[in-house]
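Numbering (this note's numbering), first residue to last: 4 to 538.
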């Protein structure tokens with residue numbers, strides 16, 4: 004095998020998804036700890052002097068103890084090169100998570116052992132299922148009082164409609180959490196260390212070894228023997244092919260906070276996952292091992308470095324090898340460009356790199372030419388990766404700068420944040436941009452917008468809530484057809500014609516009834532629920 008092939012083969016790119024507070028960011032920190040990428044794990048919540056989590060780099064994330072934007076981290080572990088995409092768990096930032104899942108080859112779903120499957124977990128799981136990617140489940144917080152493990156597995160199967168296979172089994176919970184039984188190797192892993200920043204000390208012992216009763220107590224040993232027997236008799240067979248297609252989820256139990264079960268999970272996960280997967284570009288399938296470079300933009304982030312007011316485009320390398328300063332073709336821009344100073348990121352910290360391979364996530368400086376979903380490939384190639392869907396916002400506000408002298412900063416800030424995909428901006432056709440209508444998936448995004456405009460652009464906002472709840476894209480059969488005017492359409496009082504910053508025309512509605520009313524009275528008008536692609 005050539006060095007080129009072995010470099011791609013050792014790549015693993017996965018997203019970590021969960022409901023808020025299930026411990027997703029804490030688990031990410033512990034992976035980085037094991038990979039030697041950080042010397043001490045930062046708790047997500049805590050006192051003012053507790054260090055913030057590595058993946059939470061925005062000031063508002065550190066203040067509130069939540070992730071509001073996906074972050075990207077790369078580290079090495081036992082010969083593997085691992086790219087982790089840590090996503091926001093809060094549903095108000097779910098669109099960022101959906102886009103990030105497009106860049107991942109598998110997903111780790113973190114479940115709170117006391118709460119089980121929660122609303123946001125269901126939503127995120129559906130996106131994984133649509134992508135047909137492997138889903139690995141880590142049932143976290145076993146160091147606290149937890150629900151019955153059989154009950155948790157049953158709920159996973161019922162709620163998410165997939166089979167589960169317990170790779171390990173917990174011994175106790177809360178203060179009585181003693182370790183796990185490894186079903187593959189048929190050994191008990193007993194944890195004896197509980198230090199927060201260092202790896203847990205583990206002792207392996209056979210389940211029929213008399214010394215096990217001394218370690219965990221006779222009652223727990225007898226219970227474990229009964230549960231193993233029940234598991235072996237009742238669970239479905241382990242089928243790697245079903246795992247690869249997201250039909251069977253391997254389940255692991257542990258505690259990210261105390262490190263119990265985290266390293267065994269990471270090792271098994273790496274053993275079961277594959278090298279970077281091929282990607283679809285219309286009718287073409289682009290293989291990861293193709294010699295020619297290709298990538299797509301899945302995220303844009305402005306002002307990661309306040310001193311430089313920069314804008315970074317995050318790209319997933321899909322095939323070939325990327326080399327700094329090599330010429331690539333930007334499909335949507337229709338021209339060749341050089342990607343200078345490419346970076347690999349550890350949340351907000353960066354390192355300039357000279358090369359990257361299929362599966363890697365790289366950040367490149369964006370002078371304003373990239374959009375989410377753009378394709379880059381080797382010169383001479385002309386294909387476009389399947390587009391990333393845009394989800395319709397459900398909450399709308401009219402905003403403007405309180406200080407009219409800061410109109411320029413206001414427009415620049417709103418447009419840059421919109422290009423990141425965190426918000427969508429609209430205006431009334433044939434008018435200026437003194438006032439902007441902002442649409443978001445969740446209301447917390449309004450707080451983040453206001454915070455960022457104040458801290459990054461020095462703009463104070465006037466905000467006014469709008470009654471709209473639904474948005475539909477107007478489908479144009481003929482690209483050259485003139486833009487519609489409001490008088491061209493029959494609209495009720497609770498509907499409004501707007502356009503986005505790319506010039507696409509849309510309709511805002513206050514109710515489902517209005518959508519139907521408009522379609523009934525405007526023959527030939529086609530409305531779409533998603534912009535860009537459909538799943």
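We put the CB at the ideal spot given by N, CA and C, even for glycine.
Residue interval of the beta strand (DSSP E) (run including residue 16): If you number the chain shown from 1, residue 16 lands on position 13. Per DSSP, residue 16 belongs to the beta strand (DSSP E) from 14-21.
My output table needs one value for residue 239: the three-state DSSP class, helix, strand or coil. For the purposes of this step, residue 239 is taken as residue 236 along the chain shown, with counting starting at 1. In the structure shown, residue 239 sits in coil (DSSP, three-state: anything other than H, G, I, E or B).
Classify residue 22: buried if its beta carbon has 16 or more other beta carbons within 10 angstroms, exposed otherwise. What you label residue 22 is simply residue 19 of the chain shown in a count that begins at 1. With 16 or more Cβ atoms within 10 Å of its Cβ, residue 22 is classed as buried.
Pick from 531, 432, 529 that is closest to residue 499, judged by C-alpha positions: Numbered from 1 along the chain shown, position 496 holds the residue referred to as residue 499. Here the closest residue by C-alpha is 432.
Buried or exposed (CB count within 10 angstroms, at least 16 for buried), residue 84: Translated into positions along the chain shown, residue 84 becomes position 81. Classification of residue 84: buried, given that the 10 Å Cβ count is 16 or more.
Contact check, residue 368 vs residue 75 under 8 Å by CB: the rounded distance? Mapped onto the chain shown, residue 368 falls at position 365. Mapped onto the chain shown, residue 75 falls at position 72. Wrong, their Cβ atoms sit about 16 Å apart, outside the cutoff.
Three CB pairs or more closer than 8 Å across the stretch 313-331 and the stretch 283-297: yes
Proximity to residue 274 [Cα-Cα], best of 256, 80, 226, 480: If you number the chain shown from 1, residue 274 lands on position 271. Answer by Cα proximity: 80.
With H, G and I counted as helix, E and B as strand and the rest as coil, what does DSSP make of residue 271? Residue mapping note: residue 271 aligns to position 268 of the chain shown, counting from 1. Looking at residue 271 - three-state DSSP - the assignment turns out to be helix.
What number of angstroms, rounded off, separates the C-alpha of residue 495 from the C-alpha of residue 517? Here the question's residue 495 lines up with position 492 in the chain shown. Here the question's residue 517 lines up with position 514 in the chain shown. Spanning the two alpha carbons is a distance of roughly 7 Å.
Give the straight-line distance between the Cα atoms of residue 138 and residue 131, rounded to the nearest whole angstrom. Start at 1 with the first residue of the chain shown, and residue 138 comes out as number 135. Start at 1 with the first residue of the chain shown, and residue 131 comes out as number 128. Rounded to whole angstroms, residue 138 to residue 131 spans 7 Å at the Cα level.
Sort 337, 152, 377, 327 by Cα distance to residue 355 and report the nearest one. Along the chain shown, one-based indexing puts residue 355 at 352. Among 337, 152, 377, 327, the Cα nearest to that of residue 355 belongs to 327.
State the DSSP-derived secondary structure class of residue 296, mapped to helix, strand or coil. Taking the chain shown and counting its residues from 1, one reaches residue 296 at position 293. Residue 296 falls in the coil class under three-state DSSP.
Between residue 464 and residue 405, which are expected to be in contact by the criterion C-beta below 8 Å, what is the C-beta distance as a whole number of angstroms? For this step, residue 464 is matched to residue 461 along the chain shown. For this step, residue 405 is matched to residue 402 along the chain shown. Between residue 405 and residue 464 the Cβ distance is about 7 Å, and since that is below 8 Å, they are a contact.
Close Cβ partners of residue 271 (< 8 Å) along its chain, the five nearest in sequence each way excluded: Taking the first residue of the chain shown as 1, we reach residue 271 at position 268. The residues are 170, 187, 253, 255.
For residue 168, the residue or residues it bridges with in DSSP: Here residue 168 corresponds to residue number 165 of the chain shown, with the count starting at 1. 253, per the DSSP bridge assignment.
Assigned secondary structure, residue 523 (DSSP; H/G/I helix, E/B strand, else coil): For this step, residue 523 is matched to residue 520 along the chain shown. Reduced to three states, the DSSP call for residue 523 is helix.
My output table needs one value for residue 423: the three-state DSSP class, helix, strand or coil. Along the chain shown, one-based indexing puts residue 423 at 420. Residue state, collapsed to three classes: coil.
What does DSSP give as the partner residue(s) for residue 109 in the beta ladder? The residue given as residue 109 occupies position 106 in the chain shown. 17.
Best match in 449, 384, 175 for proximity to residue 399 [C-alpha to C-alpha]: Within the chain shown, residue 399 is the residue found at index 396, counting from 1. Out of 449, 384, 175, 449 has the C-alpha closest to the C-alpha of residue 399.
Residue 476 - partner residues in DSSP beta bridges: By one-based count along the chain shown, residue 476 stands at place 473. Residue 476 pairs with 509, 531.
Our contact map puts residue 210 next to residue 183 with C-beta atoms below 8 Å; I'd like the distance itself, whole angstroms only. For the purposes of this step, residue 210 is taken as the residue at position 207 of the chain shown. For the purposes of this step, residue 183 is taken as the residue at position 180 of the chain shown. The Cβ separation is near 12 Å, so there is no contact.
Do the CB positions of residue 529 and residue 462 come within less than 8 Å of each other? Here the question's residue 529 lines up with position 526 in the chain shown. Here the question's residue 462 lines up with position 459 in the chain shown. Contact: no.
Do residue 141 and residue 120 have their C-beta atoms closer together than 8 Å? Taking the chain shown and counting its residues from 1, one reaches residue 141 at position 138. Taking the chain shown and counting its residues from 1, one reaches residue 120 at position 117. Taking 8 Å as the Cβ cut-off, residue 141 and residue 120 do not qualify as a contacting pair.
Given this structure, state the Cα-to-Cα distance separating residue 382 from residue 241, to the nearest angstrom. Taking the first residue of the chain shown as position 1, residue 382 is located at position 379. Taking the first residue of the chain shown as position 1, residue 241 is located at position 238. Straight-line Cα distance between these residues: approximately 44 Å.
DSSP three-state label for residue 39, please. As a first step, residue 39 is located in the chain shown; it is residue number 36 there, counting from the start. Residue 39: coil per DSSP, three-state reduction.
Three-way DSSP call (helix, strand, coil) for residue 115 in this model: Residue 115 sits at position 112 when you count from the first residue of the chain shown. Looking at residue 115 - three-state DSSP - the assignment turns out to be strand.
Residues near residue 377 by beta carbon distance below 6 Å, same chain, minus five either side: The count along the chain shown starts at 1 and reaches residue 377 at position 374. Cβ within range, chain order: 300, 335.
Distance check for residue 118 and residue 93, CA to CA, integer angstroms please. Taking the chain shown and counting its residues from 1, the one referred to as residue 93 is at position 90. Taking the chain shown and counting its residues from 1, the one referred to as residue 118 is at position 115. A caution first: residue 93 carries a pLDDT of 41, below 50, which makes its placement in the model unreliable, though a value can still be read off. If you take the alpha carbons of residue 93 and residue 118, they lie about 16 Å apart.
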